[in-house]
Amino acid sequence: MISLEPYHQSHTYDTGNNLIHLSHQAKSNTWQQTLTIHPNSNRGTENNNQNNFDANGNLLNLNNIANLEWNYNNTLNKLTKANKSNTIQYYVYNYQGKRVRTVTESNQQVQSQRDYLPSLDLSINQAKQQNSTLHIGTHILSESSKDNMQTHYQLTSHLQSNTLELDDKVQTLSYEHYYPYSSTAIIAGKDKNQVQQKRYRYTGKERDDSSG
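For what it's worth, the working numbering labels the leading residue of the sequence shown as 9, then goes sequentially.
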C-alpha cells in the first residue's frame with residue numbers, strides 16, 4: 009500500500025537564473041541543498057565538490073556509479089558500477105549525437121545489447137531472449153515473443169513527460185509524477201515488475217536502469 013503525504017519544495021535562483029538553493033519539506037523527510045555559483049560564470053565553485061564534474065560540467069560519479077566517462081561532445085561514453093567494478097556499460101551514438109546502441113559487459117563478456125532504430129528498439133540478453141519495442145505516436149507496442157505483445161498508451165504532461173500508461177483495454181499500467189529536474193515524486197501500478205520496466209519517463213527521455 010502506498011503512503012502519500014503533502015510536501016513543499018522551493019527553488020531559489022540568482023540573477024542569471026542559476027539554481028542556488030533547493031529545499032524539500034515533508035513529514036517523513038526534510039532536506040536542502042545549496043549551490044555556490046562563480047560570480048563570473050554560470051559554473052559551480054569548489055564549494056560544490058568540483059572533483060565530481062569535468063571541465064564541461066559533466067558528472068563523473070554518483071553514489072552507485074564509480075566512474076562516468078564522456079565523449080568530446082558531452083554524450084555519455086561508458087559507466088562503471090560502484091558495486092560491480094567488472095561490469096561496464098558502453099553507449100554508441102550516430103553523427104547527430106543520438107544513441108543507437110547500448111552494450112553491457114561483465115568480465116569482458118557481452119551480457120546484453122540494445123539497438124535503437126527509427127521507432128523501434130531491439131534488445132537481447134545473455135540467454136538470447138529478445139525483446140522488441142515499437143513506438144507509434146503516443147503509444148508503444150512491447151513485444152517479447154510472438155505470443156506475448158502488450159500495448160502501452162502513454163499520456164504526457166506539458167513537458168512531454170510520461171505520466172500515465174494505459175493498455176489497449178484502457179486499464180492503468182502505471183502512473184508517475186515528477187519533481188522539477190526529473191526525480192520521481194511517486195510511481196505506482198498494479199504490476200511492480202511492469203512499472204519497473206518503464207523506460208521512457210521524464211520529458212519523454214529514456215531512463216537507464218544502470219544510472220537511474
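Beta carbons: idealized from backbone N, C-alpha and C, even for Gly.
query                                                                                                                                                     : result
Just checking, does the region 170-189 make contact with the region 200-213 on the three C-beta pairs under 8 Å criterion?                                : yes
When we look at the beta-carbon of Q137 and count the other beta-carbons within 10 Å, is it buried (16 or more) or exposed?                               : exposed
Based on the DSSP secondary-structure assignment, which residues constitute the bridge partners of D129?                                                  : Y124, T141
What span of residues does the alpha helix (DSSP H) with K200 cover, start to end?                                                                        : 200-204
Got a sec: is the Cβ-Cβ distance from D199 to anything in chain D below 8 Å?                                                                              : The structure shown has no chain D; it contains just one protein chain.
Look at the Cβ atom of Q121, then the Cβ atom of V111, and state whether they are nearer than 8 Å.                                                        : yes
Once DSSP output is grouped into helix, strand and coil, what is the label at N91?                                                                        : coil
Apart from the five residues just before and just after K206, which ones in its own chain have a Cβ nearer than 6 Å to its Cβ?                            : S182
Judging by CA-CA distance, which residue of L68, W39, D22, A34 is the nearest neighbour of N48?                                                           : D22
On the CB-based measure, 16 or more other CB atoms within 10 Å of its CB, does G52 come out buried or exposed?                                            : buried
Do you know how far the Cα of W39 is from the Cα of H32?                                                                                                  : 5 Å
Take the Cβ of Q97 as the centre, count every other Cβ of all protein chains shown within 10 Å, and call the residue buried at 16 or more, exposed below. : buried
Please report how far the alpha carbon of N91 lies from the alpha carbon of I45, in whole angstroms.                                                      : 32 Å
On a Cα-Cα basis, can you pick out the residue from Y101, D62, N115, N170 that is closest to R215?                                                        : N170
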